[in-house]
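In what follows, a single structure is set out as structure tokens and then discussed.
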Amino acid sequence: MNIAAYIIRRIIFMLFVLLGVLIITFIVSHVIPADPIGAILGPQAPPELIEKINREWGFDKPLYVQFILYVKNLMHGNLGKCIRTNNPVLKDIIIRYPATIELATTALIFSLIIGIPSGIISALKRNKLIDHFIRIFSISGLSMPVFWLGLMLLYVFYFRLGILPGPGRLDLGLTPPPRVTGLYTIDSLIAGRLDLFINTLRHLIMPGFVLGFGAAGSIARLTRASMLEVMRQEYVKAARAKGLIERVVIMRHILRNALITPVTVIGLIYGGLLEGSVLTETIFAWPGLGRYATGVFLFLDFQAVMGVTLFIAIIYSFANLIVDIIYAYIDPRIRYG
Amino acid sequence: MEKLLDVRDLRTYFYTYRGVVKALNGVYLTIKDGEVVGLVGETGSGKSVTARSIMRLIDPPGRIVGGNVFFEGRDLLKLSDREMTKIRGRKISMIFQEPIIALNPVLTIRTQIIETIMANRDVSVNEAEEIALELLEAVGLPNPKMIMKRYPFELSGGMAQRVFIAMAISANPRLLIADEPTSSLDVTIQAQILDLLNRLMEEGRISSMLYITHDLGVAAELCHRIAVMYGGRVIEFASTEEIFKEPLHPYTRSLLKAIPRLGYYDELYTIPGRVPDLVNPPSGCMFHPRCPYMKDVCKKEIPEYVEIDNSHYVACHFAGVKDVR
Numbered sequence: 001m002n003i004a005a006y007i008i009r010r011i012i013f014m015l016f017v018l019l020g021v022l023i024i025t026f027i028v029s030h031v032i033p034a035d036p037i038g039a040i041l042g043p044q045a046p047p048e049l050i051e052k053i054n055r056e057w058g059f060d061k062p063l064y065v066q067f068i069l070y071v072k073n074l075m076h077g078n079l080g081k082c083i084r085t086n087n088p089v090l091k092d093i094i095i096r097y098p099a100t101i102e103l104a105t106t107a108l109i110f111s112l113i114i115g116i117p118s119g120i121i122s123a124l125k126r127n128k129l130i131d132h133f134i135r136i137f138s139i140s141g142l143s144m145p146v147f148w149l150g151l152m153l154l155y156v157f158y159f160r161l162g163i164l165p166g167p168g169r170l171d172l173g174l175t176p177p178p179r180v181t182g183l184y185t186i187d188s189l190i191a192g193r194l195d196l197f198i199n200t201l202r203h204l205i206m207p208g209f210v211l212g213f214g215a216a217g218s219i220a221r222l223t224r225a226s227m228l229e230v231m232r233q234e235y236v237k238a239a240r241a242k243g244l245i246e247r248v249v250i251m252r253h254i255l256r257n258a259l260i261t262p263v264t265v266i267g268l269i270y271g272g273l274l275e276g277s278v279l280t281e282t283i284f285a286w287p288g289l290g291r292y293a294t295g296v297f298l299f300l301d302f303q304a305v306m307g308v309t310l311f312i313a314i315i316y317s318f319a320n321l322i323v324d325i326i327y328a329y330i331d332p333r334i335r336y337g
Numbered sequence: 001m002e003k004l005l006d007v008r009d010l011r012t013y014f015y016t017y018r019g020v021v022k023a024l025n026g027v028y029l030t031i032k033d034g035e036v037v038g039l040v041g042e043t044g045s046g047k048s049v050t051a052r053s054i055m056r057l058i059d060p061p062g063r064i065v066g067g068n069v070f071f072e073g074r075d076l077l078k079l080s081d082r083e084m085t086k087i088r089g090r091k092i093s094m095i096f097q098e099p100i101i102a103l104n105p106v107l108t109i110r111t112q113i114i115e116t117i118m119a120n121r122d123v124s125v126n127e128a129e130e131i132a133l134e135l136l137e138a139v140g141l142p143n144p145k146m147i148m149k150r151y152p153f154e155l156s157g158g159m160a161q162r163v164f165i166a167m168a169i170s171a172n173p174r175l176l177i178a179d180e181p182t183s184s185l186d187v188t189i190q191a192q193i194l195d196l197l198n199r200l201m202e203e204g205r206i207s208s209m210l211y212i213t214h215d216l217g218v219a220a221e222l223c224h225r226i227a228v229m230y231g232g233r234v235i236e237f238a239s240t241e242e243i244f245k246e247p248l249h250p251y252t253r254s255l256l257k258a259i260p261r262l263g264y265y266d267e268l269y270t271i272p273g274r275v276p277d278l279v280n281p282p283s284g285c286m287f288h289p290r291c292p293y294m295k296d297v298c299k300k301e302i303p304e305y306v307e308i309d310n311s312h313y314v315a316c317h318f319a320g321v322k323d324v325r
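As you go down the protein sequences, you meet chains A and E in turn.
In terms of the numbering used here, the first sequence opens at residue 1 and continues consecutively.
In terms of the numbering used here, the second sequence opens at residue 1 and continues consecutively.
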């Protein structure tokens, strides 16, 4: 089987996953005993008004009719209207998602840069001091609450030392670069504004680190375990028996195999980071999807909730698709399987 | 003939949570230039650990704690890691029990065979490629060019073992250590691999060999001398003929009795008891709990490994005494 067929198969599979996500979020948001209309209008609203709105929004129809209606609208890019912002949900999402993508991607990069080398060193220096140190560090990364770490870093590096900027994507008073992708890092470069680029990066450091720290811990642990597993394999012993120097044994025979496991979970981790951005965005006043989601959830604004969920599911699926392609590239057994 | 390999009092222990596993308790073994020596014994007797200790491929929690491994007059255990790397593959190479898992699953055969050739010989990639093709042909693989492009999981066990043999002989080593190279293969394939090894010896591509097996029949077919291991020691070492005609150690005798024979329909002889626990080994001679000729001294003293007849070595208190049996 060639790689193109593999990718097509994965994309078809992805469509089914998205349909599943759609059905589940739809059912969950329609069967929970909440009354969104009541939540908006308040307890004093006259019953005729509630009935009228229910009819207008189609809430009086059977569930499957509502679902078909929803999917039909979805096909036309209509995700419904956000009750809170009074904008089309799609528009709200499009405004906000680049901020979240930028944050989650920064966090992913942080977690990989910290996690993978730590895991490798930890395994190569098994049971030495450095191994114990890294293992304690990764456990603390996993168990440290995001809000606590976020506030502590803000207190130390922003409030006390003043070496890093505070909340937000840019310093107050700076105008964002003209929107092309919505990612400030890229847009500022397109606009040729190096000052904006650096400012954006500085703003990304703390929230990116806070969000990525926990993931770094799990990546380190995973890499370590995977390394130790591979180091026990017969082919590693055989590689040494063949007369290869230790550097080649490590780079070509151990790392190449050991990194397969961490790479395959990058997609999952990215999903976790998108989810985790809810808290981080709140702490760092980050105008992304996470904060938007918090708002609409509290308002029981189901059109918006479903829109956000679906959107995150799409990004998540794409991340996993990319990972699957990388996986097929590094492990021939998958490519031909 | 000169001694190519001279292993003296080799001891390798594994420091596990259960306790110290004394896998090798003073192994003596010699291989002369041009000779094939068989190392036989049950599972857990220390055959593979012996091979890996000679190659210095013991990973933690295992450690070689004592002894000497003289190869071409130099003690391998005293070499630096870098010097040892130059011995492996060039002077001593090894083939493994399960060839498929001894090949790296994510690299092509081409990558693995060429890296081996280039690690041990001073050649360019193109030259290595030619050598590789020639070697694959020599080990009886049809269409070497196709094989080079394959991944290990696309090969059968027999093909993978042939690939491994090609790599092992690529630098014309003085000694090939074969660690049960046919045990994981089908019977017909086993015969083919044995034929191949025989042919490669005739062609001079393999000069000396340490052949590890639990199959005395295979050892008889292939080897000049046979060393029998029990409980982490070589307990008898003699020419193949003497091992079969005049075994001195009770364990060797039992092993020979346990070989199934065509035409004999009696129940197959089995050795009573089980292999010794190497964390808490039996006192004295490790074989004493299973030995039909056991005397008091066997429980108390470890028998020395001594030369009884000309080049017939044995570790038994009563090896010299003829009428004890």
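Note that the Cβ used here is the ideal one computed from N, Cα and C, for glycine as well.
Computed from a prediction, not measured in an experiment: that's the story for all the values here.
Rounded to whole angstroms, what's the CA-CA distance from residue i to residue j? Just pull it up for me.
i, j, result
"R290 of chain A", "K149 of chain E", "A small fix is needed here, since residue 290 of chain A is Gly in this sequence, not Arg. About 48 Å."
"L149 of chain A", "F159 of chain A", "14 Å"
"L268 of chain E", "T252 of chain E", "16 Å"
"A220 of chain A", "I136 of chain A", "11 Å"
"H317 of chain E", "R224 of chain A", "51 Å"
"I68 of chain A", "K61 of chain A", "11 Å"
"G192 of chain A", "L172 of chain A", "20 Å"
"D92 of chain A", "S226 of chain A", "41 Å"
"K78 of chain E", "R52 of chain E", "16 Å"
"L76 of chain E", "F164 of chain E", "24 Å"
"R9 of chain A", "V27 of chain E", "58 Å"
"A171 of chain E", "R256 of chain A", "26 Å"
"H249 of chain E", "V123 of chain E", "50 Å"
Taking DSSP as the reference, what is the three-state secondary structure of residue i?
i, result
"M227 of chain A", "helix"
"G77 of chain A", "coil"
"G67 of chain E", "strand"
"L248 of chain E", "coil"
"T181 of chain A", "coil"
"T182 of chain E", "coil"
"R233 of chain E", "strand"
"S93 of chain E", "strand"
"Y313 of chain E", "strand"
"P47 of chain A", "helix"
"D60 of chain A", "coil"
"R82 of chain E", "helix"
"F14 of chain E", "strand"
"A285 of chain A", "coil"
"Y28 of chain E", "strand"
"V306 of chain E", "strand"
"G19 of chain E", "strand"
"G150 of chain A", "helix"
"L39 of chain E", "strand"
Within its chain, find whatever has a CB closer than 7 Å to the CB of residue i; leave out the 5 residues flanking it on each side and keep chain order.
i, result
"L63 of chain A", "H30"
"V324 of chain E", "Low per-residue confidence applies at V324 of chain E: pLDDT is 47, beneath 50, and the placement is therefore not dependable, though the value from the model is reported in the following sentence. Closer than 7 Å at Cβ, skipping near neighbours: Y293, F318."
"P61 of chain E", "F14, Y15, T16"
"K3 of chain E", "T30, K32"
State yes or no: is the C-beta of residue i within less than 7 Å of the C-beta of residue j?
i, j, result
"G231 of chain E", "P276 of chain E", "yes"
"K91 of chain E", "P173 of chain E", "yes"
"G46 of chain E", "M286 of chain E", "no"
"V7 of chain E", "V69 of chain E", "yes"
"S118 of chain A", "A215 of chain A", "no"
"E301 of chain E", "G284 of chain E", "yes"
"L142 of chain A", "G217 of chain A", "yes"
"L135 of chain E", "A166 of chain E", "yes"
"A107 of chain A", "G267 of chain A", "no"
"T85 of chain E", "I245 of chain A", "yes"
"L79 of chain A", "G271 of chain A", "no"
"D195 of chain E", "Q97 of chain E", "no"
Is residue i close to chain C? Criterion is C-beta to C-beta, closer than 7 Å.
i, result
"L197 of chain E", "This model lacks chain C altogether; the protein chains it does include are A and E."
Within its chain, find whatever has a CB closer than 6 Å to the CB of residue i; leave out the 5 residues flanking it on each side and keep chain order.
i, result
"G273 of chain E", "P289, R290"
"L196 of chain A", "P177, S188"
"R199 of chain E", "none"
"G166 of chain A", "Y158"
"S239 of chain E", "R225"
"R110 of chain E", "M148"
Got a sec? Which residues, its chain only, sit under 8 Å from residue i by beta carbon, not counting five neighbours each side?
i, result
"R130 of chain A", "Residue identity differs from the one stated: residue 130 of chain A is Ile in this sequence, not Arg. The answer, listed in chain order, is I121, S122."
What runs of the beta strand (DSSP E), each 3 residues or longer, lie entirely inside the stretch 169-229 of chain E?
-> 175-179, 208-213
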